[in-house]
Amino acid sequence: MYSIGEFSKIGSVSRKTLRYYDEIGLMSPAFVNQENHYRYYSDEQVYRILLISELKCYDLRLEQIKAILDSEDEHLLVHFLEQRIQELDNQMQENIRLKQCIEKKVQQIQSGGKLMDKNLVLEVGAEEYAPVLAVCRKAVIEISQISNVIGSVYEEIYKNGLKQNGPVMTFYADEEFHHEHANVEVCIPVEDSQSVQNCENVKLLAPGMCAVCVYTGPYSKLGEAYAAVLKWIDENHYEIASAPFDCYINSPQEVKSPEEFVTKVCFPIKQKEN
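Each residue of the sequence shown is one higher than the one before, counting from 1408 in our numbering.
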């Protein structure tokens, strides 16, 4: 038997992490002394903690690791690893696109371009959104990790045999933007079917009337669209009714440059009360 201190060294994890693993059912001690509450782990658990540590190095989520170990399903492991490979490929492509954007900005400035282009005209209008079923997942994350949340929603859609019925939507719950701990909810519309009843995270989205602006360009410049929509809301005597959201009309995998990203910025609205 190994004490929690010894076992933490074997698995290269802290005692706090081992206690958390116990709380979520990922790995519990083989024995707990009822008098002093000391925790002990067995030889048989060494392989499990080493595998957990290895899979964490691949940035698999703890819920994925638990599903793999509980099921002992090698096919599930391969599925999650292939999904992670795809995420890494996407990140590399995103880094390439970011590099191209930076190079383009440098060229613009060196060619006499202005630091800020204020001539962009964005069209804003009102649009009614019909209610739609969607698989949703909430998370508080660094905004650069949003693709991981989107991937987990697609994973649930895939697992339940559902069919996508609209673009990916990201709702923002906070009144102000926090880059390092954004409170988001990713929703992907799905077709209504018998399989939907088996999915825990399905909800009916009904944002109703929205002020919308379709923006073409990198996600880093979406602030221009947000500003245009907020100005339109104020000038037309509306107020924000609920959490704003973005609809990603295309994905980074479909285009060659961030300049081609198409995003619909949506703010649910209601008439201002006098």
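Note that the Cβ used here is the ideal one computed from N, Cα and C, for glycine as well.
task: May I ask you to report which of helix, strand or coil DSSP gives Met1616?
output: The answer is strand: DSSP assigns Met1616 an E or B state.
field: Residue range of the unbroken alpha helix (DSSP H) whose run includes Glu1592
entry: Unbroken run through Glu1592 is the beta strand (DSSP E), 1589-1596; no alpha helix (DSSP H).
- request: Verify whether the separation of the beta carbon atoms of Cys1606 and Val1560 is less than 8 Å.
  value: In this structure, Val1560 does not lie closer than 8 Å to Cys1606 by Cβ.
Same chain, Cβ closer than 6 Å to Val1593, five either side skipped, listed in chain order: The residues Arg1544, Val1556, Ile1557, Val1560, Thr1577, in chain order, have a CB closer than 6 Å to that of Val1593 in the same chain once the five nearest residues on each side in sequence are set aside.
- request: Look at the Cβ atom of Ile1656, then the Cβ atom of Ala1618, and state whether they are nearer than 8 Å.
  value: It is not a contact, given that the beta carbons lie outside the stated cut-off.
task: Indicate whether the contact test is met: 3 or more Cβ pairs, each with one atom in the region 1469-1478 and one in the region 1620-1629, closer than 8 Å.
output: They do not touch, by the three-pair rule.
task: Using only alpha-carbon positions, find the residue among Val1669, His1644, Cys1673, Glu1667 that is nearest to Glu1680.
output: It is His1644 whose Cα lies nearest to the Cα of Glu1680.
query: Between which two residues does the alpha helix (DSSP H) carrying Tyr1645 extend?
result: Note, Tyr1645: premise wrong, no alpha helix (DSSP H); beta strand (DSSP E) at 1645-1647.
query: What's the gap between the Cα of Ile1475 and the Cα of Val1485?
result: About 10 Å.
- request: Pull up the CB-CB distance for Val1672 and Asp1641, whole angstroms please, since I reckon it's below 8 Å.
  value: Not a contact, Cβ separation roughly 15 Å.
Ser1410 in three-state terms, based on DSSP: Ser1410 carries a strand assignment under DSSP once its states are collapsed to helix, strand and coil.
For Ile1411 and Arg1455, believed in contact at Cβ under 8 Å, the rounded distance: With a Cβ gap of about 15 Å, Arg1455 and Ile1411 do not count as contacting.
query: Quick one: what's got a C-beta closer than 6 Å to Asn1438's C-beta in the same chain, skipping five residues either side?
result: Correcting the residue identity first, residue 1438 is Phe in this sequence and not Asn. Listed in chain order, the non-local C-beta contacts of Phe1438 below 6 Å within the same chain comprise Tyr1447, local neighbours out to five positions each way being set aside.
- prompt: What residues in its chain sit with their C-beta under 8 Å from that of Ser1421, if we drop five residues either side in the sequence?
  reply: Exclusion of the five residues before and after Ser1421 leaves Ser1415 as the residues of its chain whose Cβ lies within less than 8 Å of its Cβ.
message: Taking the straight line between their C-alpha atoms, what separation do you get for Tyr1622 and Lys1463?
response: Here the C-alpha atom of Tyr1622 lies approximately 37 Å from the C-alpha atom of Lys1463.
task: Have a look at Val1669 and His1482 and give me their C-alpha separation to the nearest angstrom.
output: For Val1669 and His1482, the distance between alpha carbons rounds to 36 Å.
task: List the residues that DSSP assigns as beta-bridge partners of Asp1653.
output: Answer is Thr1577, Val1672, bridged to Asp1653.
task: At 4 residues or longer, and completely inside the region 1543-1574: list those alpha helix (DSSP H) runs for me, N to C.
output: Listed in chain order, they are 1553-1566.
message: Considering only the alpha carbon of each residue, which of Arg1491, Lys1511, Leu1433, Gln1678 lies closest to Ser1478?
response: Looking only at Arg1491, Lys1511, Leu1433, Gln1678, the smallest Cα-Cα distance to Ser1478 is reached by Leu1433.
query: Going by other Cβ atoms of all chains shown within 10 Å of its Cβ, with 16 needed for buried, is Gly1418 buried or exposed?
result: Label assigned to Gly1418: buried.
query: Using 8 Å as the Cβ pair cut-off and three pairs as the minimum, do the region 1594-1614 and the region 1533-1541 touch?
result: The region 1594-1614 makes contact with the region 1533-1541; the number of CB pairs closer than 8 Å reaches 3 or more.
message: What residue range does the beta strand (DSSP E) around Gly1532 cover?
response: For Gly1532, the uninterrupted beta strand (DSSP E) run begins and ends at 1532-1536, by DSSP.
query: Bridge partners of Val1621, per DSSP?
result: Val1621 is bridged by DSSP to Lys1671.
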